[in-house]
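Trainee:
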Amino acid sequence: MELIIIILLLAILAEATYLVAVNTTKSVGKKAGRPIFVDTSVLIDGRIIAVAESGFIGSDTLFIPRSVIGELQYLADNADSEKRSRARHGLDIVSELQKMDKVKVEIFQDGSKAEEGVDERLLKLAKQYRGAVCTIDYNLNKVAQVENITVLNVNDLAMSLRMAYLPGEKILLELTQKGQDGHQAVGHLTDGTMVVVERANKLIGQTVEIEFIRSLQTAAGKMMFAKLVDKKPTHDMQQNKPTKGVLGKKAAKQPVQSAPVVPIMPPVASETPVAYHSDQNDQRLATRQAGPRGPYKQRQPRESYTSQPSVGQSSQPRKTTKKPRTSAQNEASLIELLNNQ
Numbered sequence: 083m084e085l086i087i088i089i090l091l092l093a094i095l096a097e098a099t100y101l102v103a104v105n106t107t108k109s110v111g112k113k114a115g116r117p118i119f120v121d122t123s124v125l126i127d128g129r130i131i132a133v134a135e136s137g138f139i140g141s142d143t144l145f146i147p148r149s150v151i152g153e154l155q156y157l158a159d160n161a162d163s164e165k166r167s168r169a170r171h172g173l174d175i176v177s178e179l180q181k182m183d184k185v186k187v188e189i190f191q192d193g194s195k196a197e198e199g200v201d202e203r204l205l206k207l208a209k210q211y212r213g214a215v216c217t218i219d220y221n222l223n224k225v226a227q228v229e230n231i232t233v234l235n236v237n238d239l240a241m242s243l244r245m246a247y248l249p250g251e252k253i254l255l256e257l258t259q260k261g262q263d264g265h266q267a268v269g270h271l272t273d274g275t276m277v278v279v280e281r282a283n284k285l286i287g288q289t290v291e292i293e294f295i296r297s298l299q300t301a302a303g304k305m306m307f308a309k310l311v312d313k314k315p316t317h318d319m320q321q322n323k324p325t326k327g328v329l330g331k332k333a334a335k336q337p338v339q340s341a342p343v344v345p346i347m348p349p350v351a352s353e354t355p356v357a358y359h360s361d362q363n364d365q366r367l368a369t370r371q372a373g374p375r376g377p378y379k380q381r382q383p384r385e386s387y388t389s390q391p392s393v394g395q396s397s398q399p400r401k402t403t404k405k406p407r408t409s410a411q412n413e414a415s416l417i418e419l420l421n422n423q
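Throughout, the working numbering is defined as the position within the sequence shown, counted from one, plus 82.
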């Protein structure tokens with residue numbers, strides 16, 4: 083009797099488990115045309131909020147397995163501060179998704195912990211309920227593709243929405259019509275994006291080189307602004323460069339003209355000759371003579387001049403003992419004079 087009772091209990095338990103599984107499958111099929119099972123990486127990333135608000139999910143239901151929430155809870159209790167903050171951010175994303183009206187969110191009760199791993203549990207659920215997996219995990223994405231499971235990758239969506247041309251890039255574009263302003267011209271890229279070119283109204287019907295300045299994303303679509311690539315400044319700069327031909331070599335070989343060296347002339351003797359007596363040799367006598375460059379410094383006494391210059395003779399007195407100064411000495415004296423001034 084005891085054996086019979088045990089067998090009956092096991093049969094009842096198996097039937098109840100089967101009924102629960104069938105009802106769960108039917109409920110999942112009724113709630114969504116295609117169930118989408120969300121991975122832990124998507125919740126931590128957070129961009130699923132913007133995708134859900136845009137309405138791209140449509141009538142599909144986002145199923146967040148209980149095992150995924152359990153993994154977030156485990157990471158939130160981790161000792162690593164970075165992992166702890168990211169896991170808490172993922173739990174906040176779950177709460178925000180549940181509060182949104184544009185998307186259906188359900189917590190799928192599959193157990194608080196996946197013994198085989200969260201990735202294997204997601205693949206198993208997607209196969210069982212013929213759903214898709216929403217993830218940005220590279221390895222999980224590859225495994226799902228091998229097993230023919232539909233993958234919704236947020237990174238792939240972001241790459242497909244990225245601009246084809248960035249500010250600063252240059253292309254050749256055909257200008258087809260006038261812009262809103264009188265100086266603007268309009269062209270179109272291969273994907274249909276409208277490009278407004280500044281100050282190009284006179285070049286409509288021609289293919290010109292443009293440089294993108296900025297882009298504008300609106301509800302009506304994407305529009306880009308550009309400017310013409312001006313090559314004239316580069317041409318002018320090349321014309322202004324010094325030539326490297328014969329003229330350039332000749333100009334390079336020409337010496338730099340320096341200031342002419344003016345020799346210093348001795349002071350002009352005054353009308354009254356200066357005589358030095360032998361008893362005054364230890365004294366320093368000097369007179370300020372007015373020369374062509376102004377007053378000279380005091381000069382040391384010299385031996386007497388021979389005689390007073392007469393009319394018609396050179397005003398430079400003859401020296402009896404001192405030799406005439408050389409050109410090098412004259413140049414040194416000129417430099418010293420300029421330094422003193």
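Where a beta carbon is used, it is the ideal one built from N, C-alpha and C, also for glycine.
Quick caveat: nothing in here was measured; it's all calculated off a predicted structure.
Exposed or buried, which one is Ala114 when buried takes at least 16 other CB atoms within 10 Å?
Mentor: Stepping through the sequence shown from its first residue, residue 114 is reached at position 32. Residue confidence for Ala114 is low, a pLDDT of 47 falling below 50, so the modelled location carries little weight; the figure read from the coordinates is stated next. So Ala114 ends up on the buried side.
Trainee: Shortest alpha-carbon distance to Arg116 belongs to which of Ala196, Thr99, Leu234, Ile175?
Mentor: What you label residue 116 is simply residue 34 of the sequence shown in a count that begins at 1. Selected option, being the one with the closest Cα: Leu234.
Trainee: Given this structure, state the Cα-to-Cα distance separating Val225 from Met241, to the nearest angstrom.
Mentor: Your numbering for residue 225 matches position 143 in the sequence shown. Your numbering for residue 241 matches position 159 in the sequence shown. Approximately 21 Å between the Cα atoms of the pair.
Trainee: Please confirm if the stretch 124–135 is in contact with the stretch 196–204, defined as three or more CB-CB distances below 8 Å between the two stretches.
Mentor: Remark: fewer than three beta-carbon pairs, one from each stretch, lie closer than 8 Å, so the stretch 124–135 and the stretch 196–204 are not flagged as touching.
Trainee: So, do the stretch 254–266 and the stretch 290–309 have three or more beta carbon pairs nearer to each other than 8 Å?
Mentor: With the cut-off at 8 Å, the stretch 254–266 and the stretch 290–309 touch.
Trainee: In the DSSP assignment, the alpha helix (DSSP H) including Thr122 goes from what residue to what residue?
Mentor: Residue 122 sits at position 40 when you count from the first residue of the sequence shown. Unbroken alpha helix (DSSP H) run through Thr122: 122–127.
Trainee: Taking just the CA atoms, how far does Lys260 sit from Ala267?
Mentor: In the sequence shown, the residue the question calls residue 267 occupies position 185. In the sequence shown, the residue the question calls residue 260 occupies position 178. Whole-angstrom Cα-Cα distance: 4 Å.
Trainee: On the DSSP bridge list, what partners appear for Phe190?
Mentor: Translated into positions along the sequence shown, residue 190 becomes position 108. Looking at the DSSP assignment, Phe190 forms a beta bridge with Pro147.
Trainee: Around the C-beta of Ala147, are 16 or more other C-beta atoms found within 10 angstroms, so that it is buried, or is it exposed?
Mentor: As a first step, residue 147 must be located in the sequence shown, where it is residue number 65. Per the sequence shown, the amino acid found at residue 147 is Pro instead of Ala. Buried.
Trainee: So is Arg370 buried or exposed if we call it buried at 16+ other beta carbons inside 10 Å?
Mentor: For the purposes of this step, residue 370 is taken as residue 288 along the sequence shown, with counting starting at 1. Confidence in Arg370 is poor, its pLDDT being 46 and thus under 50, which makes the residue's placement unreliable; the coordinate value appears in the next sentence. Residue burial annotation: Arg370 is exposed, with fewer than 16 other C-beta atoms found within 10 angstroms of its C-beta.
Trainee: For a minimum of 3 consecutive residues, which ranges assigned as the beta strand (DSSP E) are wholly contained in the stretch 204–289?
Mentor: 214–216, 232–234, 252–260, 267–270, 276–280
Trainee: Residues in its own chain within less than 7 Å of Pro374 by CB, not counting five upstream and five downstream?
Mentor: In the sequence shown, counting from the first residue as 1, residue 374 sits at position 292. A caution first: Pro374 carries a pLDDT of 49, below 50, which makes its placement in the model too unreliable to give a value.
Trainee: Any idea if Leu90 is buried or exposed, counting beta-carbon neighbours within 10 angstroms, 16 or more meaning buried?
Mentor: As a working mapping, residue 90 is identified with position 8 in the sequence shown. Looking at its Cβ environment, which holds fewer than 16 other Cβ atoms inside 10 Å, Leu90 is exposed.
Trainee: Mark Arg168 as exposed unless 16 or more other C-beta atoms lie within 10 angstroms of its C-beta, in which case mark it buried.
Mentor: Position 86 of the sequence shown holds residue 168. Arg168 comes out buried.
Trainee: Could you compute how far the alpha carbon of Asp192 sits from the alpha carbon of Ser149?
Mentor: Walking along the sequence shown from the start, residue 192 turns up at place 110. Walking along the sequence shown from the start, residue 149 turns up at place 67. Each residue's alpha carbon lies about 7 Å from the other.
Trainee: Please name the residue, chosen from Gly287, Ala282, Val176, Asp219, that lies closest to Leu310 on a Cα-to-Cα basis.
Mentor: Within the sequence shown, residue 310 is the residue found at index 228, counting from 1. Nearest C-alpha to Leu310 among Gly287, Ala282, Val176, Asp219: Ala282.
Trainee: Alpha carbon to alpha carbon, how far is Glu418 from Ser389? Give it in angstroms, no decimals.
Mentor: Walking along the sequence shown from the start, residue 389 turns up at place 307. Walking along the sequence shown from the start, residue 418 turns up at place 336. Per-residue confidence for Ser389 stands at a pLDDT of 48, beneath the threshold of 50, marking its modelled position as unreliable; the derived number appears in the next sentence. Spanning the two alpha carbons is a distance of roughly 31 Å.
Trainee: Hey, out of Ile295, Ala96, Met305, Thr217, whose CA is closest to Asp121's CA?
Mentor: Against the sequence shown, residue 121 aligns to sequence position 39. Between Asp121 and the set Ile295, Ala96, Met305, Thr217, the nearest pair of CA atoms involves Thr217.
Trainee: Do you know how far the Cα of Asp183 is from the Cα of Gly287?
Mentor: On the sequence shown, position 205 is the one that residue 287 refers to. On the sequence shown, position 101 is the one that residue 183 refers to. Computed Cα separation, rounded: 49 Å.
Trainee: Could you check if Thr143 is buried or exposed, using at least 16 other CB atoms within 10 Å of its CB as the buried criterion?
Mentor: Locating residue 143 in the sequence shown gives position 61, where the first residue counts as 1. It counts as buried.
Trainee: Compute the beta-carbon to beta-carbon distance between Met305 and Val278, rounded to the nearest angstrom, for a pair I have assumed lies under 8 Å.
Mentor: Mapped onto the sequence shown, residue 305 falls at position 223. Mapped onto the sequence shown, residue 278 falls at position 196. Right, the Cβ-Cβ distance comes to about 7 Å (below 8 Å), so this counts as a contact.
Trainee: Is Ser177 helix, strand or coil by DSSP?
Mentor: The count along the sequence shown starts at 1 and reaches residue 177 at position 95. The answer is helix: DSSP assigns Ser177 an H, G or I state.
Trainee: Decide if Asp219 is buried, meaning its Cβ has at least 16 other Cβ atoms within 10 Å, or exposed.
Mentor: On the sequence shown, position 137 is the one that residue 219 refers to. It counts as buried.
Trainee: Could you give the C-beta distance for Val185 and Ala246, rounded to a whole number, given that I count them as a contact under 8 Å?
Mentor: Taking the first residue of the sequence shown as 1, we reach residue 185 at position 103. Taking the first residue of the sequence shown as 1, we reach residue 246 at position 164. The C-beta distance from Val185 to Ala246 rounds to 30 Å, too long to fall under 8 Å, and the pair is not in contact.
Trainee: Is it right to say Leu125 is buried, meaning 16 or more other beta carbons lie within 10 angstroms of its own, or is it exposed?
Mentor: Taking the sequence shown and counting its residues from 1, one reaches residue 125 at position 43. Flag for Leu125 reads buried.
Trainee: I need the straight-line Cα distance from Thr232 to Val215, nearest angstrom please.
Mentor: For the purposes of this step, residue 232 is identified with residue 150 of the sequence shown, where counting begins at 1. For the purposes of this step, residue 215 is identified with residue 133 of the sequence shown, where counting begins at 1. Going by the C-alpha atoms only, they are around 6 Å apart.
Trainee: Roughly how many angstroms separate the alpha carbons of Gln155 and Ser297, rounded to a whole number?
Mentor: Along the sequence shown, read from residue 1 onward, the residue named residue 155 stands at position 73. Along the sequence shown, read from residue 1 onward, the residue named residue 297 stands at position 215. Their backbone Cα atoms lie some 41 Å apart in a straight line.
Trainee: Please name the residue in Leu205, Leu239, Gly303, Asp174 whose C-alpha comes closest to that of Gln227.
Mentor: For the purposes of this step, residue 227 is taken as residue 145 along the sequence shown, with counting starting at 1. Of the candidates Leu205, Leu239, Gly303, Asp174, the one whose C-alpha sits nearest the C-alpha of Gln227 is Leu205.
Trainee: Hey, out of Asn237, Gly213, Gly152, whose CA is closest to Arg170's CA?
Mentor: Taking the sequence shown and counting its residues from 1, one reaches residue 170 at position 88. Gly152 is the residue among Asn237, Gly213, Gly152 whose C-alpha sits nearest the C-alpha of Arg170.
Trainee: Can you give me the start and stop residues for the beta strand (DSSP E) that Ala308 sits inside?
Mentor: As a first step, residue 308 must be located in the sequence shown, where it is residue number 226. Per DSSP, Ala308 belongs to the beta strand (DSSP E) from 303–310.
Trainee: Can you tell which of Ile118, Tyr100, Ser194 has its C-alpha closest to the C-alpha of Glu188?
Mentor: Reading the sequence shown from its first residue, position 106 is the one you call residue 188. The shortest Cα separation from Glu188 among Ile118, Tyr100, Ser194 belongs to Ile118.
Trainee: Is Ser141 helix, strand or coil by DSSP?
Mentor: As a working mapping, residue 141 is identified with position 59 in the sequence shown. Coil at Ser141, not helix or strand.
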